[in-house]
Amino acid sequence: MLAGYYPRPGDLLTRVLATGTFDILHPGHVYFLTQAKALGDELFVIVARDSNVTHKPKPIIPEEQRLEMVNALGAVDKAILGSEKDMFEPLKEIRPDIIALGYDQRYDAEILEKELIKRGLHAKVRRIPLSKECPLCSTGTIIKEVLKRYG
Ligand SMILES: Cc1cc2nc3c(=O)[nH]c(=O)nc-3n(C[C@H](O)[C@H](O)[C@H](O)COP(=O)(O)O)c2cc1C
Ligand SMILES: Nc1ncnc2c1ncn2[C@@H]1O[C@H](COP(=O)(O)OP(=O)(O)OP(=O)(O)O)[C@@H](O)[C@H]1O
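In structure tokens form, the structure reads like this:
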């Protein structure tokens, strides 16, 4: 990525960053990203690389296709694929003001803020709660339902 590729116009806008796998989109993802966008003016999204999804089964949908779908969502201004090697690398350029964490994302907000400061970044970390109940608002639940019907 080229430095300055995502310019900060006059620093007047509050830039929010959300991250995630986003395998098989569902309304929980829409809720998460809409709430994240509401924390500021523009929403950037880092989509997890296939090679980095090790905390659950590998995504069904390949990374480029997951990226295309996230970029098509109304709340999203710009989605990119993350780095395969260093999760802080894309942040040097995006320079978010706020990082929105999902209700189940396993990062400690305080530790993350400290790691950002070490790298000259001063984003506030906020947690987005779980959406209201919906029949299939989880990728894992959708996959289980498909297996029940067709497995
Ligand atoms: C600040 C931040 C930056 C991240 N950067 C990357 C990255 O560059 N590449 C990547 O593959 N994952 C990155 N991740 C991790 C994932 O996008 C995602 O948060 C993680 O896989 C768990 O999300 P899930 O619960 O949606 O599966 C980053 C996470 C955070 C919190
Ligand atoms: N129902 C929901 N309400 C609020 N946030 C959600 C909901 N479902 C997913 N998210 C958030 O969206 C982001 C991306 O989610 P992810 O790709 O892990 O999907 P998931 O449906 O949670 O997957 P899985 O079922 O495999 O855990 C995460 O930050 C997660 O917390």
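Quick note on the numbering used here: the sequence shown kicks off at 119 and runs consecutively. For each residue, glycine too, the CB sits at the ideal point set by N, CA and C.
Around the C-beta of residue i, are 16 or more other C-beta atoms found within 10 angstroms, so that it is buried, or is it exposed?
i: Gly258; result: exposed
i: Val165; result: buried
i: Leu120; result: Bear in mind that a pLDDT of 48 at Leu120, under 50, signals an unreliable position, so the model cannot answer this.
i: Val163; result: buried
i: Pro177; result: buried
i: Thr139; result: buried
i: Lys232; result: exposed
i: Lys155; result: buried
i: Pro208; result: buried
For residue i, which option in the options has the closest C-alpha, if you only look at C-alpha atoms?
i: Thr132; options: Ala227, His240 and Leu191; result: His240
i: Ala136; options: Pro180, Asp215, Glu263 and Arg237; result: Asp215
i: Val130; options: His144, Leu143, Asp159 and Val148; result: According to the sequence shown, residue 130 is Leu rather than Val. Checking every option, the nearest Cα to that of Leu130 belongs to Asp159.
i: Asp141; options: Val171, Val148, Gln153 and Arg184; result: Arg184
i: Val194; options: Val148, Asp226 and Ile261; result: Val148
i: Asp204; options: Val134, Leu234 and Asp226; result: Leu234
Taking the alpha-carbon positions, what's the residue i to residue j distance?
i: Tyr123; j: Lys174; result: 32 angstroms
i: Arg245; j: Phe150; result: 10 angstroms
i: Pro125; j: Cys255; result: 34 angstroms
i: Val264; j: Leu248; result: 23 angstroms
i: Glu202; j: Arg167; result: 6 angstroms
i: Glu251; j: Gly146; result: 9 angstroms
i: Gly192; j: Gly269; result: 34 angstroms
i: Glu181; j: Phe206; result: 19 angstroms
i: Leu143; j: Met187; result: 8 angstroms
i: Lys242; j: Ile217; result: 6 angstroms
i: Gly200; j: Ile261; result: 24 angstroms
i: Gln153; j: Lys196; result: 16 angstroms
i: Leu230; j: Lys236; result: 10 angstroms
From what residue to what residue does the beta strand (DSSP E) around residue i run?
i: Ala136; result: Arg133 to Gly138
i: Arg244; result: Lys242 to Arg245
i: Val163; result: Glu160 to Val165
The alpha helix (DSSP H) spanning residue i covers which residue range?
i: Val148; result: Pro145 to Lys155
i: Lys75; result: Outside the shown range of the chain (119 to 269) lies residue 75, about which nothing can therefore be said.
Using a Cβ-based criterion (distance less than 7 angstroms to any ligand heavy atom), does residue i qualify as near ligand 4?
i: Asp226; result: You won't find ligand 4 in this model; what it holds is ligand 1 and ligand 2.
Q.
I want to know whether the region 177-189 touches the region 208-223 - three or more CB-CB distances under 8 angstroms.
A. no
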